[in-house]
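Peer 1:
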Amino acid sequence: MQWTDRIRQVKIVLVVAAIIIAVVSLMVSNFLVEDLSREERTRMEVWAQALHALNNADESTDLSLVLSVIQGNNTIPVIVLDSNFDVMDYRNIEIDAKSYSDSMAYIARLGKRMYESDRYIKIVLSDSDSLKNYQLVCYDESIMLKRLFSYPYVQLGVVLIFVVIAIFALLSSKRAEQNKVWVGLSKETAHQLGTPISSLMAWVEMLKENYPDDELIPEMDKDVKRLERIAERFSKIGSLPEPVASSMNDVLDHVIDYMDRRTSKKVTIERNFPDNDVIVRMNASLFEWVIENLCKNAVDAMEGSGHILLTLFTEGNKAIIEVADNGKGIKKKDINHVFMPGFTTKKRGWGLGLSLAKRIVEEYHHGKIFVKYSEVGKGTTFRIELRA
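Just so you know, we're using our numbering here: the sequence shown kicks off at 20 and counts up by one.
(1) Am I right that V270 and A221 are in contact with their C-beta atoms under 8 Å? What's the rounded C-beta distance?
(2) Using the Cα positions of L150 and D101, report the straight-line distance between them to the nearest angstrom.
(3) To the nearest whole angstrom, what separates the beta carbons of M301 and I288, a pair I think is in contact under 8 Å?
(4) Quick check: what's the CA-CA separation for L167 versus F187?
(5) Would you say V297 and A185 are within 8 Å of each other, going by their C-beta atoms?
(6) Mapping the DSSP letters down to three states, classify S79 as helix, strand or coil.
(7) Cβ-heavy atom distance between K141 and the ligand MG below 7 Å?
(8) For I388, count the other beta carbons within 10 Å of its own beta carbon; 16 or more makes it buried, fewer makes it exposed. Which is it?
(9) Out of L179, L73 and F358, which has the shortest C-alpha to C-alpha gap to N316?
(10) Between the Cα of L55 and those of M239, I89 and K165, spot the shortest distance and give me the residue it belongs to.
(11) Work out the CA separation of M133 and Y125 for me, nearest whole Å.
(12) Taking S283 as the reference, give the member of E207, E322 and S254 with the closest Cα.
(13) Decide if V43 is buried, meaning its Cβ has at least 16 other Cβ atoms within 10 Å, or exposed.
(14) Return yes when the Cβ of T330 is within less than 8 Å of the Cβ of N268, no when it is not.
(15) Within the continuous alpha helix (DSSP H) that includes N312, where are the two ends?
(16) From V274, L175, V65 and K227, pick the residue whose C-alpha is nearest to that of V156; which is it?
(17) Kindly indicate the opening and closing residues of the alpha helix (DSSP H) around R128.
(18) Hey, quick one: how far does the alpha helix (DSSP H) through D353 stretch, first residue to last?
(19) Out of curiosity, what's the CA-to-CA distance linking Y139 and I31?
(20) From which residue to which residue does the alpha helix (DSSP H) around S374 run?
(21) Taking its Cβ as the centre, do 16 or more other Cβ atoms sit within 10 Å of K285, making it buried, or is it exposed?
(22) How would you call Q90, buried or exposed, if buried means at least 16 neighbouring beta carbons within 10 angstroms?
(23) Do G346 and G325 have their CB atoms nearer than 8 Å?
(24) Shortest alpha-carbon distance to V173 belongs to which of A343, V395 and I40?
(25) Which same chain residues, not among the five before or five after I310, have their C-beta less than 6 Å away from its C-beta?
(26) Terminal residues of the continuous beta strand (DSSP E) containing V342?
(27) Pull the bridge partners of V390 from the DSSP assignment, please.
(28) With distance defined between alpha-carbon atoms, name the residue in L246, N295, E381 and K244 nearest to S265.
(29) For E261, which residues of its own chain have a beta-carbon under 8 Å away from its beta-carbon, when the five flanking residues on both sides are left out?
(30) Can you tell me where the alpha helix (DSSP H) holding V297 begins and where it ends?
(31) Less than 8 Å between the C-beta atoms of L45 and P171, yes or no?
(32) Tell me whether the beta-carbon of D105 lies closer than 8 Å to the beta-carbon of A127.
(33) Flag this pair as yes or no: are the beta carbons of D137 and P96 separated by less than 8 Å?
(34) Please list the terminal residues of the continuous beta strand (DSSP E) segment that includes D108.
(35) Tell me which same chain residues have a C-beta within less than 6 Å of the C-beta of T400, skipping the five on either side of it?
(36) Would you decide whether T214 is buried or exposed? Buried here means 16 or more other CB atoms lie within 10 Å of its CB.
Quick look at the structure:
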């Protein structure tokens, strides 16, 4: 849990850092865009004055200076319109001849859009009282200004991608470390169980020879074989056992028979299976472990008294198994955490059963396991989906 908490803290730090970087970038970019926009406005006012001077030029006008100012604008798109919105002149406008057959009409529309966006400067041509005696110098943002405006969003996208990759790397590292722990623990458990199980098997054989009529010895033999199967299951964790076509009906029947003998009489286990066998490619031994874990959790949730229903059916090309109980249920805030290693609501428990069940279903059988329904005080239903 400490490792999980640390991962969660790192994720929060990364997200907060990304938000701070995005906000600061947007603020700085906004300041720069506003400054550059004001500067371009000033440049266009000077350009408009130069155009006005050119239109009203006389013998004393320094045309070289005026032309230098007008020709010096190589970055800001500008369109000069008359009072009827007809194009008088334009600079720094790119026109696609293939897309626009009437280029002047296109430029006129573009200039009108600039005017409607309040990016224009009005030039009065003379002191005449006519309201029509003026020109409009319409301009747009330069390419540099547009790039500067979009830059923080690009930077934000890069930061978000970095955060996602970093979180994914952390989760992958966490998952890899957990896998090593579970595999090592399982292998060591199987190894440690091997010697006492072999000894118990030998003792059972001796008891069979000395007390052939004792009714308890066959039950002892079943328990020893059960321990042998458990050790076998642990030894398979970490490897990829070859799936074999098996009857899901038989697998579930075997689990129900086992649970019936080892649970209280107050716990009833009911089955709802189709008449025909549902054949699934699986490792029967490991899959029995999954169902046993779900049934044991159901018994614990019912506190020794209640009803468990195992349902099997097919849906398209899927085999569906549902394990439902009428126990105390799972709180909504805990449903997303029930399959996390170490998570448990029991006073005694390691919180590994459902985590291993999820791994067996998803990694070994390429299926899905999830909580279909749960309500506090009413019960829980787990659902498993496998390819039939």
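No residue lacks a Cβ here, since even glycine has one placed at the ideal position from N, Cα and C.
Peer 2: Reading off the structure:
(1) At roughly 30 Å, the Cβ-Cβ gap does not stay under 8 Å, so V270 and A221 are not in contact.
(2) Low confidence applies here, because L150 scores a pLDDT of 49, under 50, leaving its location unreliable and the question unanswered by this model.
(3) Contact flag wrong, Cβ pair sits at about 21 Å.
(4) 31 Å
(5) no
(6) coil
(7) Here there are no bound small molecules, and the ligand MG is not part of this structure.
(8) buried
(9) F358
(10) K165
(11) 13 Å
(12) E322
(13) exposed
(14) no
(15) A303 to M321
(16) V65
(17) S122 to E135
(18) K351 to I354
(19) 47 Å
(20) G372 to R378
(21) exposed
(22) exposed
(23) yes
(24) I40
(25) V274
(26) K337 to D344
(27) F401
(28) N295
(29) N302
(30) Counting along the chain, V297 falls outside any alpha helix (DSSP H), and DSSP gives it neither H nor E.
(31) yes
(32) yes
(33) no
(34) V106 to R110
(35) E341, A343, K391 and Y392
(36) exposed
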